[in-house]
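Worksheet: the structure to be examined is printed underneath.
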Amino acid sequence: MIRKFAASTFLSLAFCFAPFAWGQSAGEAEPEPEAEAVPGASEFSTARDQVIDELSQLTDLDFGGNSGARFAVFFVLLLATFIIRKIVVGIYTRWFHRAAEKTAWTFDDKLIPAMTGPIGAMTYVIGFFLSISVLSLSPGMDIVILRIFQASTMTVLFWGLLRAVDVMAEVMVDVAKEKDMGVYHFIPLIKKTARIFLIVVAVVLVVQNLGYSVGSLLAGMGIGGLALALAAQESLANFFGSVSIVADRPFKVGDWIQVGSQVDGDVEEIGLRSTKVRTWSKSLMTIPNKVLANEIIENWSRMPKRRVKQYVGVTYSTSPENMEGLVEDIRKLLHEDEGVNQDFILVNFTDFGDSALQILVYYFTSTTAWLAHMDIRQRINLKIMKAVAARGSSIAFPTRTVHIEGGSLPFSAEK
Numbered sequence: 025m026i027r028k029f030a031a032s033t034f035l036s037l038a039f040c041f042a043p044f045a046w047g048q049s050a051g052e053a054e055p056e057p058e059a060e061a062v063p064g065a066s067e068f069s070t071a072r073d074q075v076i077d078e079l080s081q082l083t084d085l086d087f088g089g090n091s092g093a094r095f096a097v098f099f100v101l102l103l104a105t106f107i108i109r110k111i112v113v114g115i116y117t118r119w120f121h122r123a124a125e126k127t128a129w130t131f132d133d134k135l136i137p138a139m140t141g142p143i144g145a146m147t148y149v150i151g152f153f154l155s156i157s158v159l160s161l162s163p164g165m166d167i168v169i170l171r172i173f174q175a176s177t178m179t180v181l182f183w184g185l186l187r188a189v190d191v192m193a194e195v196m197v198d199v200a201k202e203k204d205m206g207v208y209h210f211i212p213l214i215k216k217t218a219r220i221f222l223i224v225v226a227v228v229l230v231v232q233n234l235g236y237s238v239g240s241l242l243a244g245m246g247i248g249g250l251a252l253a254l255a256a257q258e259s260l261a262n263f264f265g266s267v268s269i270v271a272d273r274p275f276k277v278g279d280w281i282q283v284g285s286q287v288d289g290d291v292e293e294i295g296l297r298s299t300k301v302r303t304w305s306k307s308l309m310t311i312p313n314k315v316l317a318n319e320i321i322e323n324w325s326r327m328p329k330r331r332v333k334q335y336v337g338v339t340y341s342t343s344p345e346n347m348e349g350l351v352e353d354i355r356k357l358l359h360e361d362e363g364v365n366q367d368f369i370l371v372n373f374t375d376f377g378d379s380a381l382q383i384l385v386y387y388f389t390s391t392t393a394w395l396a397h398m399d400i401r402q403r404i405n406l407k408i409m410k411a412v413a414a415r416g417s418s419i420a421f422p423t424r425t426v427h428i429e430g431g432s433l434p435f436s437a438e439k
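Under our numbering, think of the first position of the sequence shown as 25, with each following residue one higher.
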């Protein structure tokens, strides 16, 4: 019957406006000579009058306690909802897009298109509720419609919040990568956690608005969460270890770290459960984050300068004068080298060794890069060798002098 009513409505509109195409008004036709009458005009007028009479009778009919006029308003509002949705989305997109172009943020540029879907859906929900509110329904059905409207509204709102979380996470990742912050590895986890939390809250609120009790549901979730926590105890320990790494930031991807006596290499990846380190032998070590959270970590990449501490041993035949001059020569060449940091340089004759006179050479290289550091050390060592030779001395090597009483060997030296 509703389909018949809708069809009759559209036919009546067509018949009412058709006379304008024939040069007539919707009321009474202008008198014309019978010889110039339009062929079929009388049949058309008769059919129109019959349709109008049927519509007049149809509006007096009762459809489940609602007149035909109420259903007409319902269909008109429902049709208007689709039109208004396009208008609202269009105005929202144009107006807010222009406003976002005036700001320096990237968050609003990405948020505006992401919210188009939820805003359009909210327009549909409100339009349908207003359309159906013109109908006279039973008290029980009114309550059902109201609860469905509230549940739909909450669903659309939480959909918008989920879209906002996704956009915020995307912007945070871009900012963290731009500023070289290791925290961007954990942003996807934070996003997933926030999404799960919002979905759980949305489900609870929707179920509650539909008239169901959420007490048993929450109790079941609590027991299930406890069982899950016990089963995932090891994973949770690694997760909190990763949180500790993010909070303290003892290292980042690309740093050279040393942990204990076994881990020594470059950090390649910081994950939720473990951290991967590429050792100098090119093997890949995977260390659980809970281990790293409880260990002493030495980060070599954060050295502002790299230390060099070594001893230069010269022979005992070196005179005191030559030793004093040699110490001054080494100090001078260190001060003149551009690869040596000039904040602290220490060169002193310190010890009488078993087979050499020991000179302590202590300085820092300006660079912490391994290859450049080794090149500087090599250059300094070559200069020290030249300085030792220039003073008439030589680099000592381990020797031992044996004195034998009687001046002769107890066995033949020829063999």
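For glycine and all other residues, C-beta sits at the position ideal for the given N, C-alpha and C.
Asked, Found
"Tell me, please, which residues DSSP counts as bridged to Asn323.", "Ile281"
"Which one of Asn233, Ala104 and Tyr387 has the shortest CA to CA distance from Leu154?", "Ala104"
"In the DSSP assignment, find the beta strand (DSSP E) that holds Val291 and state where it starts and stops.", "Val287 to Ile294"
"Report the rounded CA-to-CA distance for Asp353 versus Phe388, giving the unit in angstroms.", "18 Å"
"Using 9 Å as the threshold, is the C-beta distance between Val180 and Ala145 below it?", "yes"
"Give a yes or no on whether the C-beta atoms belonging to Val301 and Gly284 are separated by under 9 Å.", "no"
"Thr423 by DSSP, collapsed to three states: which one?", "coil"
"To the nearest angstrom, how far is the alpha carbon of Val197 from that of Val287?", "29 Å"
"Would Arg219 pass as a contact of Leu135 if the rule is Cβ separation under 9 Å?", "no"
"Could you tell me whether the Cβ atoms of Leu101 and Gly151 are closer together than 9 Å?", "yes"
"How many whole angstroms separate the CB atoms of Ser390 and Asn365, which I take to be in contact at a CB cut-off of 8 Å?", "5 Å"
"Among Ser379, Glu292, His397 and Lys410, which one has its Cα closest to the Cα of Glu362?", "His397"
"Counting only the same chain and skipping the five closest in sequence on each side, list residues whose C-beta sits under 8 Å from that of Asn233.", "Arg171, Gln174, Ala175 and Met178"
"Spatial neighbours of Tyr322 within its chain, please: C-beta separation below 7 Å, excluding the five flanking residues on both sides.", "Residue identity differs from the one stated: residue 322 is Glu in this sequence, not Tyr. If we look at Glu322 and ignore the five residues flanking it on each side, its Cβ neighbours are Ile281 and Gln282."
"Could you round the C-beta distance between Leu370 and Leu384 to whole angstroms and report it? I think they count as a contact, below 8 Å.", "7 Å"
"Could you name the residues that DSSP lists as bridge partners for Asp375?", "Gln382"
"Between Gly265 and Pro274, what straight-line distance do the alpha-carbon atoms span, to the nearest angstrom?", "12 Å"
"Kindly indicate which residue of Val336, Thr217 and Ile428 has the alpha-carbon position closest to the one of Ile419.", "Val336"
"With distance defined between alpha-carbon atoms, name the residue in Val291, Lys306, Ala317 and Trp304 nearest to Asp272.", "Ala317"
"Would you check if the distance between the CB atom of Ile211 and the CB atom of Ala193 is smaller than 9 Å?", "yes"
"Which runs of the alpha helix (DSSP H), 4 residues or longer, sit entirely within the segment 166–221?", "none"
"Are Met347 and Ser417 closer than 9 Å when you measure CB to CB?", "yes"
"Check the DSSP bridge columns for Lys333 and list the partner residues they point to.", "Tyr386"
"Let's test the definition: count the other Cβ atoms within 10 Å of the Cβ of Pro422 and tell me whether it reaches 16, buried, or not, exposed.", "exposed"
"Give me whichever residues DSSP pairs with Thr299 in a beta bridge.", "Ile294 and Ile311"
"Consult DSSP for Asn318 and reduce its assignment to one of helix, strand or coil.", "coil"
"Are Thr117 and Thr140 closer than 9 Å when you measure CB to CB?", "yes"
"Could you tell me how far apart the beta carbons of Val158 and Phe98 are, in whole angstroms, since I believe they sit closer than 8 Å?", "6 Å"
"Would Val338 and Leu357 qualify as a contact pair, given that the criterion is a beta-carbon distance under 9 Å?", "no"
"Kindly give me the distance between the Cβ atoms of Leu161 and Val189, rounded to whole angstroms, as I take these residues to be in contact under 8 Å.", "Not really, about 37 Å apart at Cβ, beyond 8 Å."
"Output the distance between the C-alpha atoms of Thr217 and Phe182, rounded to the nearest integer angstrom.", "15 Å"
"Return the chain-ordered list of same chain residues with a C-beta closer than 8 Å to the C-beta of Val426, the five sequence neighbours on each side being excluded.", "none"
"Could you give the distance in angstroms between the alpha-carbon of Ser298 and the alpha-carbon of Gln402?", "38 Å"
"Give the secondary structure of Asp361 by DSSP, where H, G and I count as helix, E and B as strand, and everything else as coil.", "coil"
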